[in-house]
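A quick write-up on the structure given underneath.
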Amino acid sequence: MANLNAPLGNRKIYRLETSVLEFLHNFRKEKQFSRTVEVYHLNKKEDNEYYKLLCTEFLFKDEENADVILLKKLSYLWDEVEVLVNIENRIVAIVNLSEIKLRWIEISDSLSTAYKGLAIESYFLTINELLEVEEKVCDFLNSPKMYGMLFNGLSLQHFPSERRERKITEHGIEVLETTSQVNDGKKGEIRITAIQTEITDILGYNRIYHYDNTLLIEGYVAIKKKEKEMRHSLLWIG
-2 MANLNAPLGN RKIYRLETSV LEFLHNFRKE KQFSRTVEVY HLNKKEDNEY YKLLCTEFLF
58 KDEENADVIL LKKLSYLWDE VEVLVNIENR IVAIVNLSEI KLRWIEISDS LSTAYKGLAI
118 ESYFLTINEL LEVEEKVCDF LNSPKMYGML FNGLSLQHFP SERRERKITE HGIEVLETTS
178 QVNDGKKGEI RITAIQTEIT DILGYNRIYH YDNTLLIEGY VAIKKKEKEM RHSLLWIG
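Below, the structure is given as structure tokens:
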């Protein structure tokens, strides 16, 4: 992540928010949750950056709903994660995966006494299978609903003074990445916009990140599908 690796042990705090809007049979349903995440740079390891991610607060819309209560309890599985991040600013390894597996055993044992049924058993099985393959865990944590807003595939050693554009592929669609300075050169902006989406179920796709020098201070991702809209945001708060 840009400018999070100096000095060692330096802490940065971000608020991450996700909103999912579903359109089902003329019915609109919205889910929202947010997390406060402390990010610590611990060291370098195997040519990668070593980070500790600590979630200190979870907030969910409609917290009295039974499904939300369960989701909040499940969220604690990921409240302390140690990862390795490559030069492309993506998570490539989970340092404390064994600890996470033990944490999941405790959480699932506790929840299985209160929650029954095929749906919950299927969900637990999905998590069990996920934790058995580190690459899948990395993909999950790299998703924007987890830590993909922080480790966003954009790596900056310095912000360029000139506007730059390039075409890349994300989620199977062609997008245009534009890097430029805004506010009279005081801030940097990276904007990623879909060029064509015909070959996927994605109707619209936008990513915007704002930087102060190379410090990531704000980010926004919007993904639009036929029956669902997903919005993810990031804000540096300290």
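One point on numbering: in the working numbering, the residue at position 84 of the sequence shown is 81, and numbering is uninterrupted. We put the beta carbon where it would ideally sit given N, CA and C, even for glycine.
Setting aside the 5 residues that flank it on each side, A90 is surrounded in the same chain by L81, each with a C-beta closer than 6 Å to its C-beta; the list follows chain order. When only Cα atoms are considered, E174 and H168 end up about 14 Å apart. For N125, the enclosing alpha helix (DSSP H) covers residues L115 to L128. Counted as a single uninterrupted DSSP element, the alpha helix (DSSP H) harbouring K70 occupies residues A63 to S72. Excluding sequence positions up to five before and after E186, its CB lies within less than 6 Å of the CB of S177, V179 and H207, all in the same chain and listed in chain order.
Within the same chain, and ignoring the five residues on either side of I165 in sequence, the residues whose Cβ sits closer than 7 Å to its Cβ are V172 and E174.
F137 carries a helical assignment under DSSP once its states are collapsed to helix, strand and coil.
For the options E79, V65, E77 and I104, the alpha carbon positioned closest to that of K28 is the one of V65. Fewer than three beta-carbon pairs drawn from the stretch 131 to 139 and the stretch 16 to 24 are found closer than 8 Å, and the two stretches are therefore not classed as touching. Under a 10 Å Cβ-count criterion, N139 is classified as buried, with 16 or more other Cβ atoms of the shown protein chains found around its own Cβ.
Under DSSP, the beta-bridge partners assigned to H38 are Y48.
With a cutoff of 8 Å on beta-carbon distance, F30 and T15 are scored as near each other. The beta carbon of S230 is closer than 7 Å to those of E14, G216 and Y217 in its chain, skipping five residues each way along the sequence.
Looking at the backbone, the Cα of K58 and that of L50 are separated by about 23 Å.
Just measuring C-alpha positions, the residue of L232, I102, I220 and Y48 sitting nearest D209 is L232.
Here D209 is bridged, per DSSP, to L212. Exclusion of the five residues before and after L127 leaves K133, V134 and F137 as the residues of its chain whose Cβ lies within less than 8 Å of its Cβ.
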